[in-house]
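Right, one structure below, let's go through it.
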């Protein structure tokens with residue numbers, strides 16, 4: 005063999021240390037993943053573990069339709085909300101007719117005792133079921149008669165995801181069954197709270213709604229930076245004290261809500 | 029730090045919740061990342077030693093007066109490609125000179141200094157050594173280039189797949205609310221993030237190593253010419 009070839013073969017053989025470095029790299033990757041997992045475990049424990057059953061709702065901004073990119077909520081929601089809304093707008097025209105009709109009904113009643121009772125029974129029953137159903141939500145929800153209409157209009161706009169920054173209330177619900185309950189909740193809380201303060205800011209308050217509607221565990225989650233705003237937000241919840249009971253369709257015994265109180269100047 | 033940890037935590041959560049296709053993609057990307065980082069660490073360590081030894085060896089070569097002196101220190105600077113070139117040239121030179129000395133010792137020859145028969149043979153030996161050394165320096169760099177170019181695509185594949193399945197999910201649920209759409213897309217995007225995570229260091233270090241190798245190649249060429257000059261001056 006030629007001398008040069010021998011030297012070259014000898015030189016070409018030297019290459020060590022790669023397996024060691026691949027092992028080091030593997031160890032590094034495992035360590036990185038472990039750190040990420042540990043960070044996840046810590047932050048998961050520090051925050052609410054049941055983050056998926058939780059909603060974040062913002063409250064505040066000007067009442068009115070939210071302009072930008074609204075997304076309606078899941079398909080069952082519109083139907084449920086539509087029913088009470090119709091019922092609310094109608095009560096004054098609807099309720100008087102039965103009242104006016106009843107005297108008229110009473111007169112023919114003795115003449116036809118056998119057949120008429122089913123007929124008056126139906127309208128009165130219809131009015132009867134409509135009546136309790138309607139006041140139950142809005143009457144508790146909105147004390148101010150005039151405020152009711154714009155708020156009702158806002159109702160579903162408020163319950164949209166996305167929308168203009170900080171205008172109105174928005175809601176990010178993951179699989180909560182009953183958006184109309186949230187409309188009621190937001191209106192009740194709003195009626196006890198004023199968005200207009202001397203400074204702007206957002207306070208986030210966490211609370212639980214128990215099955216019977218009591219508000220418990222009211223906690224300031226993120227301060228707005230102004231004690232007055234934080235206290236006003238918490239006060240609104242303490243004053244509210246009790247909401248309508250949770251809807252029957254909601255399975256858990258309490259609902260955790262994160263509410264953003266957005267103050268405007 | 030709190031927000032950071034939370035973001036990192038949610039990333040791990042997303043990975044754990046993702047589907048089997050996404051997990052396979054992530055495992056492939058992890059393997060690529062491990063191997064490419066292994067090569068990066070090895071090359072960093074190796075090339076830094078090579079550069080250091082090359083500088084020192086070149087100084088010794090220029091200061092010494094005899095090739096045999098230089099040959100004696102070659103063991104110490106084994107990593108330097110200049111050592112390979114020098115040893116190849118020295119071996120060729122030696123064998124030619126030995127042959128010349130034998131011819132001179134034979135009866136009827138003219139006495140005198142042994143001379144080289146062919147300088148271009150020495151040149152060829154130096155070129156061969158340079159080729160060996162360059163291929164040694166560049167070894168496994170192509171794997172780095174492969175990692176740099178295909179991991180983003182693998183990640184993209186995982187994302188496209190994830191978004192496809194999440195749209196199927198939307199279709200079956202019949203709802204387009206953000207709550208339904210967003211988690212699937214977030215899970216899918218993890219794959220692209222992982223692909224970029226593997227690719228970015230590979231691209232950076234590939235370019236870095238190519239530049240270092242180019243630098244070393246230039247100094248190898250320079251050294252070979254220097255060696256050839258000395259050989260020509262002394263042995264022809």
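Residue numbers (my numbering), protein chains in the order written: chain S, 5 to 269; chain R, 29 to 264. Glycine included, every Cβ here is placed at the ideal spot set by N, Cα and C.
Report the partner residues of residue i according to the DSSP bridge assignment.
{"i": "residue 246 (chain S)", "result": "S:218"}
{"i": "residue 15 (chain S)", "result": "Bridge partners of residue 15 (chain S): none, in fact."}
{"i": "residue 226 (chain S)", "result": "S:208"}
{"i": "residue 200 (chain S)", "result": "S:268"}
Quick one: which chain R residues come within Cβ less than 7 Å of residue i?
{"i": "residue 12 (chain S)", "result": "116, 156, 157 and 160"}
Listing by chain order, which chain S residues have their CB less than 7 Å from the CB of residue i?
{"i": "residue 69 (chain R)", "result": "25, 28 and 29"}
{"i": "residue 259 (chain R)", "result": "Within 7 Å Cβ-Cβ: nothing; residue 259 (chain R) doesn't reach chain S, min ~14 Å."}
{"i": "residue 40 (chain R)", "result": "40, 41 and 44"}
Of all the options the options, which has the alpha carbon lying nearest to the alpha carbon of residue i?
{"i": "residue 234 (chain R)", "options": "R:70, R:165 and R:176", "result": "R:176"}
{"i": "residue 223 (chain R)", "options": "R:53, R:44, R:49 and R:40", "result": "R:53"}
{"i": "residue 221 (chain S)", "options": "S:210, S:239 and S:227", "result": "S:210"}
{"i": "residue 259 (chain R)", "options": "R:143, R:74, R:214 and R:181", "result": "R:143"}
{"i": "residue 213 (chain S)", "options": "S:193, S:204 and S:207", "result": "S:193"}
{"i": "residue 79 (chain R)", "options": "R:239, R:101 and R:257", "result": "R:239"}
{"i": "residue 109 (chain R)", "options": "S:30, S:262, S:16 and S:22", "result": "S:16"}
{"i": "residue 40 (chain R)", "options": "S:228, S:7, S:42 and S:201", "result": "S:42"}
{"i": "residue 241 (chain S)", "options": "S:6, S:22 and S:197", "result": "S:197"}
{"i": "residue 151 (chain R)", "options": "R:57, R:195 and R:252", "result": "R:252"}
{"i": "residue 67 (chain R)", "options": "R:165, R:201, R:188 and R:181", "result": "R:165"}
{"i": "residue 261 (chain R)", "options": "R:121, R:186 and R:71", "result": "R:121"}
{"i": "residue 236 (chain R)", "options": "R:60, R:72, R:64 and R:59", "result": "R:72"}
{"i": "residue 216 (chain S)", "options": "S:232, S:267 and S:256", "result": "S:256"}
{"i": "residue 13 (chain S)", "options": "R:249, R:45, R:133 and R:157", "result": "R:157"}
{"i": "residue 161 (chain R)", "options": "R:148, R:50, R:113 and R:92", "result": "R:113"}
{"i": "residue 190 (chain R)", "options": "R:75, R:220, R:173 and R:148", "result": "R:220"}
{"i": "residue 1 (chain S)", "options": "S:225, S:190, S:227 and S:269", "result": "Because residue 1 (chain S) is not part of the residues shown, which for chain S are 5 to 269, the question remains open."}
{"i": "residue 217 (chain R)", "options": "R:188, R:232, R:76 and R:197", "result": "R:188"}
{"i": "residue 229 (chain R)", "options": "R:186, R:172, R:116 and R:141", "result": "R:172"}
{"i": "residue 247 (chain R)", "options": "R:118, R:87 and R:226", "result": "R:87"}
Taking C-beta pairs closer than 8 Å, name the residues in chain S that residue i reaches, listed in chain order.
{"i": "residue 73 (chain R)", "result": "21 and 25"}
{"i": "residue 112 (chain R)", "result": "11, 12 and 15"}
{"i": "residue 153 (chain R)", "result": "8"}
Is it the case that the CB of residue i approaches a heavy atom of the ligand ZN more closely than 6 Å?
{"i": "residue 122 (chain R)", "result": "Looking for the ligand ZN in the displayed structure turns up nothing, as the structure carries no ligands at all."}
Check: Listed in chain order, which residues of the stretch 20-47 of chain S have Cβ atoms closer than 7 Å to some Cβ of chain R?
Finding: From the stretch 20-47 of chain S, only 21, 22, 25, 26, 28, 29, 30, 32, 33, 40, 41, 43, 44, 46 and 47 have a Cβ closer than 7 Å to chain R.
Note to self: At 4 residues or longer, what runs of the alpha helix (DSSP H) sit wholly inside the stretch 121-166 of chain R?
What the structure shows: When DSSP assignments are scanned along the stretch 121-166 of chain R, the uninterrupted stretches of alpha helix (DSSP H) that are 4 or more residues long and fall wholly within it turn out to be 147-165.
Next item on the list: Determine which residues of the stretch 45-67 of chain R have a Cβ less than 9 Å from any Cβ of chain S, and write them out in chain order.
Entry: For the stretch 45-67 of chain R, the set of residues with a beta-carbon nearer than 9 Å to any beta-carbon of chain S comprises 58, 61, 62, 63, 64, 65, 66 and 67, in chain order.
Next item on the list: Using a Cβ-Cβ cut-off of less than 9 Å, give me the residues of the stretch 119-142 of chain R that come near chain S, in sequence order.
Entry: So the close ones are 119, 120, 122 and 123.
Next item on the list: Taking only beta carbons into account, state which residues of the stretch 230-253 of chain S come closer than 8 Å to chain R, listed in chain order.
Entry: Answer in chain order: no residues at all.
Notebook entry, point to check: Whole beta strand (DSSP E) runs in the stretch 79-118 of chain R with 3 or more residues, listed along the chain?
Noted result: Listed in chain order, the beta strand (DSSP E) runs fully inside the stretch 79-118 of chain R amount to none, counting runs of at least 3 residues.
Checklist line | Secondary structure, beta strand (DSSP E): runs of 3+ residues fully inside the stretch 160-235 of chain R | finding: As far as the stretch 160-235 of chain R is concerned, it has no whole beta strand (DSSP E) run of at least 3 residues.
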